[in-house]
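Chain order of the listed sequences is H and V.
Convert by adding 3 to the 1-based position in the first sequence; the result is the number in my numbering.
One point on numbering: in my numbering, the residue at position 136 of the second sequence is 133, and numbering is uninterrupted.
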Amino acid sequence: MKKNTLFIILLFLISTVSFAQDVAVDSTGVKEKDKPVRSPFESGYLIGAQTTVIQNVNTLEAVIQHTFGTIQNGHSDLWGIYAPGANIRLGLDYVLFKNFQLGVGITKKNMMSDMNAKWTIFQQTRKNTFPVAIALYGNVAIDGRNISAFESGQVRVGTHQQLYNSFKFPDRLSYFSELIIGRKFADWLSLQAGVSFTHYNSVGVLYDHDKVGVHFNGRIKVSPQGSIIFNYDAPLKIKEISEQLEWTNHPKPNLAFGYEISTSTHAFQIYMGTADGLMPQDNIMWNQNDYTKHELFIGFNITRLWGF
Amino acid sequence: MKRTLKNLFGSVVVIMTSVVLFSFVAPQDQKAGEPWVIPANYKSMVNPQKGKGDPDNVGKLLYAKHCKSCHGSIGAGDGPKAGSLDTKIKSFKDGKFQAQSDGEIYFQSFVDRDMKSFEKKIPAAEDRWAIVNYIRTLK
């Protein structure tokens, strides 16, 4: 079954490559090159998600992603700004080839270090020769905490001795891969949908190693530099890949809304969302925050571009 | 102890006085830019986007993203970052500026001096010409 699915995906990709032509024919019958649409998104990041946008070749994109504590305590801790539990990720992404970038990052929560890659296979073109943008994103992250942190909780359950006897480096690894399809419908509206696969090498007995997620996000431009942005990530309940008999610990969806301001080299996004993890696999696998209980976080992203 | 405090107070007075006096000597005004030396091929360069219109407001949107923070929303050279530059920005509304050819404006906007980084930031030539066309509307 797995092989068949992979084969179908591969076939789809190959067939799209074969049919994709970047030449459009105008009303007079003259052939001209159909160019990619201008900035469907301002940055490679959209709240906690990735966009199909990859900057120009030899551009370095630095990002600071931050979430504060939960807003549950209201003004007593200034809606989470003074609260403990803040998370931060520092990342660098470099565009090596046209539409292909490599990145690295470090995240405070679980002392994660990650390496990632993104490839925009197709860009949407202005005359709809190719009506959508398609991108692949993948990362591998290393949980850098002391082994004692794995004795209980989400990542691994076991006695002290069992853990120290059997713990190996691969137990620290987690993976996230996503297929993103996006379309700029108008200058003011860009939307994306994605499907992802998350895998943790080592989890506690009450959790699954694998999760499939769906993602939906976009921006509504309200001024030349300002946009309303949103992101929704939903982990799916798929019995076939679950190791549990009941859905007792199934993660909750992440819903976030925010506002983006962009300039020539910066994008600044401020938002409120339910997931505090800044790695996509963290949100898909572990998010238990429920917005109906005010388990929301204020967060922001700042990106900066340097061209070389 | 009393002597130490006296010395400390003396030092602070000397430093503060120096800072105040230095502020009169240090240049406070932005300098006017040197005249541009524009190659002949740019002076006579034809604007391929002239008269084509801009129904998608590409020039305006790109101006807002890349230029507005220094040049200001109506091109008066009074954007929020203008004051921190070494060189005073001239207004796009100035008659002498608008009297230049499109190629001359293109050269000053994307090719030479501090502006040349924008040629990389705005890789498509048609987008750069769209900005030139938009600057033309800021009379």
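All C-beta atoms, glycine included, are put in the ideal place defined by N, C-alpha and C.
Inset, instruction - For the beta strand (DSSP E) containing H:L139, list its first residue and its last residue. - result: As a working note, residue 139 of chain H is residue 136 in the first sequence. Residues A136 to D146.
Legend entry - Straight-line Cα distance separating H:Q126 from H:L182: The sequence position of residue 182 of chain H within the first sequence is 179, counting from 1. The sequence position of residue 126 of chain H within the first sequence is 123, counting from 1. The alpha-carbon atoms of H:L182 and H:Q126 are separated by roughly 14 Å.
Inset, instruction - Go ahead and label H:Q247 buried or exposed: buried means 16 or more other beta carbons lie within 10 angstroms of its beta carbon, across all protein chains shown. - result: Numbered from 1 along the first sequence, position 244 holds the residue referred to as residue 247 of chain H. So H:Q247 ends up on the exposed side.
Legend entry - Segment contact flag, the region 58 to 69 of chain H with the region 290 to 310 of chain H, C-beta cutoff 8 Å, min 3 pairs: yes
Legend entry - Closer than 8 Å at the beta carbon, the chain H residues around V:V55: Within the second sequence, numbered from 1, the residue matching residue 55 of chain V stands at position 58. R41, listed in chain order.
Legend entry - Minimum Cβ-Cβ distance from V:H68 to chain H less than 8 Å: Here the question's residue 68 of chain V lines up with position 71 in the second sequence. Not one chain H Cβ lies under 8 Å of V:H68.
Inset, instruction - In angstroms with no decimal places, state the Cα-to-Cα distance between H:L49 and H:G221. - result: If you number the first sequence from 1, residue 49 of chain H lands on position 46. If you number the first sequence from 1, residue 221 of chain H lands on position 218. Looking at the two C-alpha atoms, the distance is approximately 8 Å.
Legend entry - Where the beta strand (DSSP E) containing H:V1 begins and where it ends: Absent from the model: residue 1 of chain H. The displayed extent of chain H is 4 to 311, so no value can be given.
Inset, instruction - Would you mind sorting V:V16 into buried or exposed? The rule is 16 or more other CB atoms within 10 Å of its CB. - result: By one-based count along the second sequence, residue 16 of chain V stands at place 19. It is exposed - the Cβ of V:V16 has fewer than 16 other Cβ atoms within 10 Å.
Legend entry - Assumed close pair H:I301, H:F71 - CB separation to whole angstroms, cut-off 8 Å: Residue 301 of chain H sits at position 298 when you count from the first residue of the first sequence. Residue 71 of chain H sits at position 68 when you count from the first residue of the first sequence. Contact holds; Cβ gap of about 5 Å.
Inset, instruction - Determine whether the Cβ of V:A96 lies closer than 8 Å to any Cβ atom of chain H. - result: Position 99 of the second sequence, counted from the first residue, corresponds to residue 96 of chain V. For V:A96, the answer is no, since every Cβ of chain H falls outside 8 Å of its Cβ.
Legend entry - Distance CB(H:H218)-CB(H:Y235) smaller than 8 Å: As a position in the first sequence, residue 218 of chain H is number 215, starting the count at 1. As a position in the first sequence, residue 235 of chain H is number 232, starting the count at 1. Yes. Within cutoff.
Inset, instruction - Please work out which residues of its chain come closer than 8 Å, Cβ to Cβ, to V:P77, disregarding the five sequence neighbours upstream and downstream, and give them in chain order. - result: As a position in the second sequence, residue 77 of chain V is number 80, starting the count at 1. Same-chain partners within the cutoff: S66.
Inset, instruction - Answer yes or no: does any C-beta atom of chain V fall closer than 8 Å to that of H:G310? - result: Translated into positions along the first sequence, residue 310 of chain H becomes position 307. Yes, because at least one Cβ of chain V sits closer than 8 Å to the Cβ of H:G310.
Inset, instruction - Starting from V:L58, find everything on chain H with Cβ-Cβ shorter than 7 Å and list it in chain order. - result: Position 61 of the second sequence holds residue 58 of chain V. Those within 7 Å of V:L58 in chain H are P227.
Inset, instruction - Would you please verify whether the beta carbon of V:K113 is less than 8 Å from any beta carbon of chain H? - result: Reading the second sequence from its first residue, position 116 is the one you call residue 113 of chain V. With 8 Å as the cut-off, V:K113 does not count as an interface residue toward chain H.
Inset, instruction - Measure from the alpha carbon of H:W289 to the alpha carbon of each residue in H:L239, H:P87 and H:H297, then state which is nearest. - result: Within the first sequence, the letter at position 286 stands for residue 289 of chain H. Ranking H:L239, H:P87 and H:H297 by Cα distance to H:W289 puts H:L239 first.
Inset, instruction - Pull up the distance between the alpha-carbon of V:A127 and that of H:D146, whole angstroms please. - result: The residue given as residue 127 of chain V occupies position 130 in the second sequence. The residue given as residue 146 of chain H occupies position 143 in the first sequence. If I take the Cα positions, the gap works out to 48 Å.
Inset, instruction - Would you check if the region 104 to 124 of chain H and the region 83 to 91 of chain H touch, i.e. whether three or more CB-CB distances between them fall below 8 Å? - result: yes
Inset, instruction - Leaving aside the five residues before and after H:I124 along the sequence, list all residues of the same chain whose C-beta is less than 6 Å from its C-beta, in chain order. - result: As a position in the first sequence, residue 124 of chain H is number 121, starting the count at 1. These residues qualify, in order along the chain: I137.
Inset, instruction - Could you say which of V:L2, V:H68, V:A79 and V:C64 lies nearest to V:D26 if we only look at CA atoms? - result: For the purposes of this step, residue 26 of chain V is taken as the residue at position 29 of the second sequence. Among V:L2, V:H68, V:A79 and V:C64, the Cα nearest to that of V:D26 belongs to V:A79.
Inset, instruction - On a CA-only basis, which of H:N76, H:Q68, H:P173 and H:V143 is nearest H:K121? Give me that one, please. - result: Locating residue 121 of chain H in the first sequence gives position 118, counting from the first residue. Closest option to H:K121, Cα to Cα, is H:V143.
Legend entry - H:N292 versus H:F170 - alpha carbon distance: In the first sequence, residue 292 of chain H corresponds to position 289, counting from 1. In the first sequence, residue 170 of chain H corresponds to position 167, counting from 1. For H:N292 and H:F170, the distance between alpha carbons rounds to 29 Å.
Inset, instruction - Would you check if the distance between the CB atom of H:S267 and the CB atom of V:K118 is smaller than 8 Å? - result: The residue labelled residue 267 of chain H in the question sits at position 264 within the first sequence. The residue labelled residue 118 of chain V in the question sits at position 121 within the second sequence. Yes.
Legend entry - According to DSSP, residues forming a beta bridge with H:W122: Here residue 122 of chain H refers to the residue found at position 119 of the first sequence. H:F103 and H:L139, per the DSSP bridge assignment.
Legend entry - Residue from H:S230, H:I244 and H:K242 whose Cα sits closest to the Cα of H:Y262: Walking along the first sequence from the start, residue 262 of chain H turns up at place 259. Out of H:S230, H:I244 and H:K242, H:S230 has the C-alpha closest to the C-alpha of H:Y262.
Legend entry - Assigned secondary structure, H:Q127 (DSSP; H/G/I helix, E/B strand, else coil): Position 124 of the first sequence, counted from the first residue, corresponds to residue 127 of chain H. Note: H:Q127 maps to coil in three-state DSSP.
Legend entry - V:K93 - partner residues in DSSP beta bridges: Within the second sequence, numbered from 1, the residue matching residue 93 of chain V stands at position 96. Answer is none; V:K93 lacks a bridge partner.
Inset, instruction - Report the neighbours of V:P52 on chain H: residues whose CB is nearer than 7 Å to its CB, in chain order. - result: Numbered from its first residue, the second sequence carries residue 52 of chain V at position 55. By Cβ distance, chain H contributes nothing, its closest Cβ being about 11 Å from V:P52, past 7 Å.
Inset, instruction - Could you tell me whether the region 91 to 100 of chain V touches the region 4 to 16 of chain V, using the rule of 3 or more Cβ pairs below 8 Å? - result: no
Inset, instruction - Using the Cα positions of V:P36 and V:Q105, report the straight-line distance between them to the nearest angstrom. - result: Along the second sequence, read from residue 1 onward, the residue named residue 36 of chain V stands at position 39. Along the second sequence, read from residue 1 onward, the residue named residue 105 of chain V stands at position 108. Rounded to the nearest angstrom, the two C-alpha atoms are 11 Å apart.
Inset, instruction - Could you tell me if V:F6 is buried or exposed, where buried requires 16 or more neighbouring beta carbons within 10 angstroms of its beta carbon? - result: By one-based count along the second sequence, residue 6 of chain V stands at place 9. Its Cβ having fewer than 16 others within 10 Å, V:F6 is exposed.
Legend entry - Contacts that V:K118 makes with chain H (C-beta to C-beta distance below 7 Å): The residue labelled residue 118 of chain V in the question sits at position 121 within the second sequence. Here the neighbours are S267 and G310.
Inset, instruction - Could you confirm whether any beta carbon from chain V is found closer than 8 Å to the beta carbon of H:D190? - result: Within the first sequence, residue 190 of chain H is the residue found at index 187, counting from 1. Judged by the 8 Å Cβ criterion, H:D190 is in contact with chain V.
Inset, instruction - Please report the residue range of the alpha helix (DSSP H) in which H:R186 lies. - result: For this step, residue 186 of chain H is matched to residue 183 along the first sequence. H:R186 -> not in any alpha helix (DSSP H); beta strand (DSSP E) instead, spanning L176 to A189.
Inset, instruction - Look at the alpha carbon of H:V215 and the alpha carbon of H:P256, and state the distance between them as a whole number of angstroms. - result: Taking the first residue of the first sequence as position 1, residue 215 of chain H is located at position 212. Taking the first residue of the first sequence as position 1, residue 256 of chain H is located at position 253. Looking at the two C-alpha atoms, the distance is approximately 12 Å.
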